[in-house]
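Student:
2 protein chains.
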Amino acid sequence: MLDSETKAVELPEDHAEELRLWLRLLTCTTLIEGEVRGRLRQRFDVTLPRFDLMAQLDKAPDGMTLSDVSKRMMVSNGNVTGLVERLVESGHLDRRTSDTDRRVQVIRLTKLGRAEFRRMAAEHETWIADLFADLTPKDVRELMRLLAKTKASAQKSAGRRRA
Amino acid sequence: MLDSETKAVELPEDHAEELRLWLRLLTCTTLIEGEVRGRLRQRFDVTLPRFDLMAQLDKAPDGMTLSDVSKRMMVSNGNVTGLVERLVESGHLDRRTSDTDRRVQVIRLTKLGRAEFRRMAAEHETWIADLFADLTPKDVRELMRLLAKTKASAQKSAGRRRA
DNA sequence: GCCAGTTATTTGAAGCCTAAAGAATATCGC
DNA sequence: GCGATATTCTTTAGGCTTCAAATAACTGGC
Numbered sequence: 001m002l003d004s005e006t007k008a009v010e011l012p013e014d015h016a017e018e019l020r021l022w023l024r025l026l027t028c029t030t031l032i033e034g035e036v037r038g039r040l041r042q043r044f045d046v047t048l049p050r051f052d053l054m055a056q057l058d059k060a061p062d063g064m065t066l067s068d069v070s071k072r073m074m075v076s077n078g079n080v081t082g083l084v085e086r087l088v089e090s091g092h093l094d095r096r097t098s099d100t101d102r103r104v105q106v107i108r109l110t111k112l113g114r115a116e117f118r119r120m121a122a123e124h125e126t127w128i129a130d131l132f133a134d135l136t137p138k139d140v141r142e143l144m145r146l147l148a149k150t151k152a153s154a155q156k157s158a159g160r161r162r163a
Numbered sequence: 001m002l003d004s005e006t007k008a009v010e011l012p013e014d015h016a017e018e019l020r021l022w023l024r025l026l027t028c029t030t031l032i033e034g035e036v037r038g039r040l041r042q043r044f045d046v047t048l049p050r051f052d053l054m055a056q057l058d059k060a061p062d063g064m065t066l067s068d069v070s071k072r073m074m075v076s077n078g079n080v081t082g083l084v085e086r087l088v089e090s091g092h093l094d095r096r097t098s099d100t101d102r103r104v105q106v107i108r109l110t111k112l113g114r115a116e117f118r119r120m121a122a123e124h125e126t127w128i129a130d131l132f133a134d135l136t137p138k139d140v141r142e143l144m145r146l147l148a149k150t151k152a153s154a155q156k157s158a159g160r161r162r163a
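If you read the sequences in order, they're chains A and B. Numbering of the first sequence is given in UniProt numbering, commencing with residue 1 and proceeding in unit increments. Numbering of the second sequence is given in UniProt numbering, commencing with residue 1 and proceeding in unit increments.
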């Protein structure tokens with residue numbers, strides 16, 4: 001006979017629920033992201049990654065290093081390099097080498113960049129509100145809680161893998 | 001004096017909670033997606049879009065048209081064209097023109113494609129289970145419910161925009 | 001049968017993104 | 001100060017992705 005521990009190893013566990021949850025999470029995000037992307041393009045002729053980068057910088061008046069940005073946005077370093085290049089080119093960002101560490105590039109929003117971002121952000125916020133309009137305040141609170149738990153769980157799992 | 005209706009229009013509403021929710025949703029998805037992407041690459045040297053496409057086809061033994069795939073995966077038509085091209089090239093997909101409509105391309109998994117997908121999918125499922133491991137069954141159910149509601153809300157909003 | 005409109009797919013240009021390798025600079029231990 | 005190691009950023013190669021325009025094929029009304 002099998003004891004319960006052996007059973008747990010040998011019987012294939014059923015993870016179908018988690019899989020469905022993941023697919024649903026992905027669908028929601030893709031749906032909303034696509035909508036936001038399209039509206040940003042239509043209304044402001046700006047891409048979502050550019051908007052996201054400006055959003056990070058708007059919260060950091062003293063600027064950020066490229067590494068900071070890369071970590072915050074959860075994208076690769078090389079990605080940030082190109083993104084910043086284009087935004088400097090278009091006059092939205094200012095970029096300078098750090099005084100204390102010549103490896104480091106510090107970027108900030110220019111006056112133009114900040115003004116344009118604020119204008120876009122105001123409208124963006126109404127889009128998000130509209131996209132989530134059918135959720136009650138309680139739904140929102142509950143989702144926040146469960147997503148925080150999900151994030152923690154995923155981070156733990158990701159950490160286990162690299163450890 | 002302002003009546004309540006005028007107030008509602010004139011006072012800028014506070015959508016900060018919804019915005020935070022959206023950012024958290026995005027963070028969760030990005031985190032998990034990045035993890036899955038990395039593991040697929042490491043273990044099977046396959047990209048996430050390829051895996052996703054094969055997953056769609058695995059559920060459709062009779063094949064799918066490119067448009068079907070494009071709708072299901074929520075990506076553009078042009079995207080699917082290239083993705084399919086590479087997977088046909090590598091022998092994972094079979095592609096033929098429909099008998100009844102010469103515009104339509106029907107794609108299927110090849111024997112090789114199906115075998116490789118099944119092998120990857122089995123492991124993939126355990127990754128997902130691990131990433132969501134700290135959620136209780138109740139958490140999972142509740143998230144499913146709230147995300148379904150979110151999806152419906154977002155679809156409604158997206159529809160309003162296009163209407 | 002033919003024309004107008006629609007649908008399925010491809011193409012092209014631009015941008016986004018990653019992983020991995022490389023260059024420049026900083027830091028630590030000695 | 002020197003060398004080993006680490007960090008910051010860029011570069012490269014390849015793939016993904018979108019949008020918009022183009023091509024090809026179907027459909028319905030006449």
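Glycine is no exception: its CB is placed at the ideal position from the N, C-alpha and C atoms.
Rounded C-beta distance between E125(A) and R43(A)? I'm assuming under 8 Å.
Tutor: Your numbering for residue 125(A) matches position 125 in the first sequence. Your numbering for residue 43(A) matches position 43 in the first sequence. Rounded, the Cβ-Cβ distance is 13 Å, inconsistent with contact.
Student: Which of helix, strand or coil does DSSP assign to T94(B)?
Tutor: Against the second sequence, residue 94(B) aligns to sequence position 94. Reading the sequence as shown, one finds Asp at residue 94(B) and not Thr. Three-state result, D94(B): strand.
Student: Against chain A, with Cβ distances strictly below 8 Å, would I128(B) count as a contact?
Tutor: If you number the second sequence from 1, residue 128(B) lands on position 128. Look at I128(B): its C-beta is under 8 Å from a C-beta on chain A.
Student: Is K149(A) close to chain B? Criterion is C-beta to C-beta, closer than 8 Å.
Tutor: Walking along the first sequence from the start, residue 149(A) turns up at place 149. At least one chain B Cβ lies under 8 Å of K149(A).
Student: Would you identify the three-state DSSP class for R41(A), choosing helix, strand or coil?
Tutor: Counting from one through the first sequence, the residue named residue 41(A) turns up at place 41. It is helical.
Student: DSSP three-state call for T81(B): helix, strand or coil?
Tutor: For the purposes of this step, residue 81(B) is identified with residue 81 of the second sequence, where counting begins at 1. Looking at T81(B) - three-state DSSP - the assignment turns out to be helix.
Student: In the DSSP assignment, find the unbroken beta strand (DSSP E) run with R108(A) in it and report its ends.
Tutor: Within the first sequence, the letter at position 108 stands for residue 108(A). Counting along the chain, the beta strand (DSSP E) containing R108(A) begins and ends at Q105 to L109.
Student: Could you give the first and the last residue of the continuous alpha helix (DSSP H) run that contains S67(A)?
Tutor: Locating residue 67(A) in the first sequence gives position 67, counting from the first residue. Counting along the chain, the alpha helix (DSSP H) containing S67(A) begins and ends at L66 to M73.
Student: Along chain B, which residues have their Cβ under 9 Å away from the Cβ of M144(A)?
Tutor: Locating residue 144(A) in the first sequence gives position 144, counting from the first residue. In chain order: E17, R20, L21 and R24.
Student: Please work out which residues of its chain come closer than 6 Å, Cβ to Cβ, to R96(A), disregarding the five sequence neighbours upstream and downstream, and give them in chain order.
Tutor: Position 96 of the first sequence, counted from the start, is the residue given in the question as residue 96(A). So the qualifying residues of the chain are V106.
Student: Going along chain A in order, which residues have a C-beta closer than 7 Å to the C-beta of T30(B)?
Tutor: Sequence index remark: in the second sequence, residue 30(B) carries index 30 (1-based). Chain A residues near T30(B): M74.
Student: Report yes or no: do three or more beta-carbon pairs, one from the stretch 55-69 of chain B and one from the stretch 21-34 of chain B, lie closer than 8 Å?
Tutor: no
Student: Would you call A154(A) buried or exposed, if buried means 16 or more other Cβ atoms sit within 10 Å of its Cβ?
Tutor: On the first sequence, residue 154(A) is found 154 positions in, with the first residue counted as 1. So A154(A) ends up on the buried side.
Student: Quick one: what's got a C-beta closer than 7 Å to F51(A)'s C-beta in the same chain, skipping five residues either side?
Tutor: The sequence position of residue 51(A) within the first sequence is 51, counting from 1. Counting only Cβ-Cβ distances below 7 Å, and skipping sequence neighbours, we find L40 and M120.
Student: Taking all protein chains shown into account, do 16 or more other C-beta atoms lie within 10 angstroms of the C-beta of S157(A), making it buried, or fewer, making it exposed?
Tutor: Numbered from its first residue, the first sequence carries residue 157(A) at position 157. Around the Cβ of S157(A), a 10 Å sphere holds 16 or more other Cβ atoms; the residue is buried.
Student: So D94(B) packs on R108(B), CB below 8 Å; how close in whole Å?
Tutor: Position 94 of the second sequence, counted from the first residue, corresponds to residue 94(B). Position 108 of the second sequence, counted from the first residue, corresponds to residue 108(B). Indeed, because the Cβ distance is near 5 Å, the residues count as touching under 8 Å.
Student: From D58(B) to K111(B), what distance separates their C-alpha atoms?
Tutor: Stepping through the second sequence from its first residue, residue 58(B) is reached at position 58. Stepping through the second sequence from its first residue, residue 111(B) is reached at position 111. One C-alpha to the other measures close to 11 Å.
Student: Between which residues of its own chain and G159(B) is the CB-CB distance below 7 Å, once the five residues before and five after are set aside?
Tutor: Here the question's residue 159(B) lines up with position 159 in the second sequence. Counting only Cβ-Cβ distances below 7 Å, and skipping sequence neighbours, we find nothing.
Student: Counting C-beta neighbours from all protein chains within 10 Å, is the total for T81(A) 16 or more, i.e. buried, or is it exposed?
Tutor: As a position in the first sequence, residue 81(A) is number 81, starting the count at 1. By the neighbour-count rule (16 or more Cβ atoms within 10 Å), T81(A) is not buried but exposed.
Student: Looking only at its chain, what residues have a beta carbon closer than 7 Å to the beta carbon of R72(A), apart from the 5 residues adjacent to it on each side?
Tutor: Walking along the first sequence from the start, residue 72(A) turns up at place 72. The residues are Q56.
Student: Only counting runs of 3 or more residues, tell me where the beta strand (DSSP E) segments fall wholly within the stretch 99-145 of chain A, in order along the chain.
Tutor: 105-109
Student: How close, in whole Å, do the beta carbons of L135(A) and T150(B) come, if the pair is a contact with beta carbons under 8 Å?
Tutor: In the first sequence, counting from the first residue as 1, residue 135(A) sits at position 135. In the second sequence, counting from the first residue as 1, residue 150(B) sits at position 150. About 6 Å separates the two Cβ atoms, so the contact holds.
Student: Determine whether the Cβ of K156(A) lies closer than 8 Å to any Cβ atom of chain B.
Tutor: For this step, residue 156(A) is matched to residue 156 along the first sequence. Cβ-Cβ to chain B under 8 Å: yes for K156(A).
Student: If the criterion is Cβ atoms closer than 8 Å, does the pair E18(A) and V36(B) meet it?
Tutor: By 1-based counting over the first sequence, the position of residue 18(A) is 18. By 1-based counting over the second sequence, the position of residue 36(B) is 36. For the 8 Å CB-CB criterion, E18(A) and V36(B) do not form a contact.
Student: Using a Cβ-Cβ cut-off of less than 9 Å, give me the residues of the stretch 100-125 of chain A that come near chain B, in sequence order.
Tutor: A122, H124 and E125
Student: Round the Cβ separation of L143(B) and L146(A) to the nearest angstrom and send it over; I've been treating them as touching at under 8 Å.
Tutor: Residue numbering aside, residue 143(B) sits at position 143 when the second sequence is read from its first letter. Residue numbering aside, residue 146(A) sits at position 146 when the first sequence is read from its first letter. With 8 Å as the limit, L143(B) and L146(A) qualify as a contact, their Cβ atoms being about 5 Å apart.
Student: For A16(A), which three-state DSSP category applies?
Tutor: Taking the first residue of the first sequence as 1, we reach residue 16(A) at position 16. In the structure shown, A16(A) sits in a helix (DSSP, three-state: H, G or I).
Student: Please report whether the beta-carbon of E35(A) lies at a distance below 8 Å from any beta-carbon of chain B.
Tutor: Reading the first sequence from its first residue, position 35 is the one you call residue 35(A). Yes, because at least one Cβ of chain B sits closer than 8 Å to the Cβ of E35(A).
Student: Against chain A, which members of the stretch 130-142 of chain B pass a CB distance test of less than 7 Å?
Tutor: D130, L131, F132, A133, D134, L135, D139, V140 and E142
Student: Roughly how many whole angstroms lie between the Cα atoms of L131(B) and I32(B)?
Tutor: Mapped onto the second sequence, residue 131(B) falls at position 131. Mapped onto the second sequence, residue 32(B) falls at position 32. About 7 Å.
Student: Would you say S67(A) reaches chain B, if we count a Cβ-Cβ gap shorter than 8 Å as a contact?
Tutor: Along the first sequence, read from residue 1 onward, the residue named residue 67(A) stands at position 67. Judged by the 8 Å Cβ criterion, S67(A) is not in contact with chain B.
Student: Counting only C-beta atoms, is S153(A) closer than 8 Å to chain B at any point?
Tutor: For the purposes of this step, residue 153(A) is taken as residue 153 along the first sequence, with counting starting at 1. True, the Cβ-Cβ gap to chain B drops below 8 Å.
Student: Using a threshold of 8 Å, state whether the C-beta atoms of L21(A) and L53(A) are closer than that.
Tutor: Taking the first sequence and counting its residues from 1, the one referred to as residue 21(A) is at position 21. Taking the first sequence and counting its residues from 1, the one referred to as residue 53(A) is at position 53. No; because the gap between Cβ atoms is not below 8 Å, this pair is not in contact.
Student: Looking only at its own chain, which residues have a Cβ that is under 6 Å from the Cβ of D14(B), when we skip the five neighbours before and after it?
Tutor: Here residue 14(B) corresponds to residue number 14 of the second sequence, with the count starting at 1. No residues qualify anywhere along the chain.
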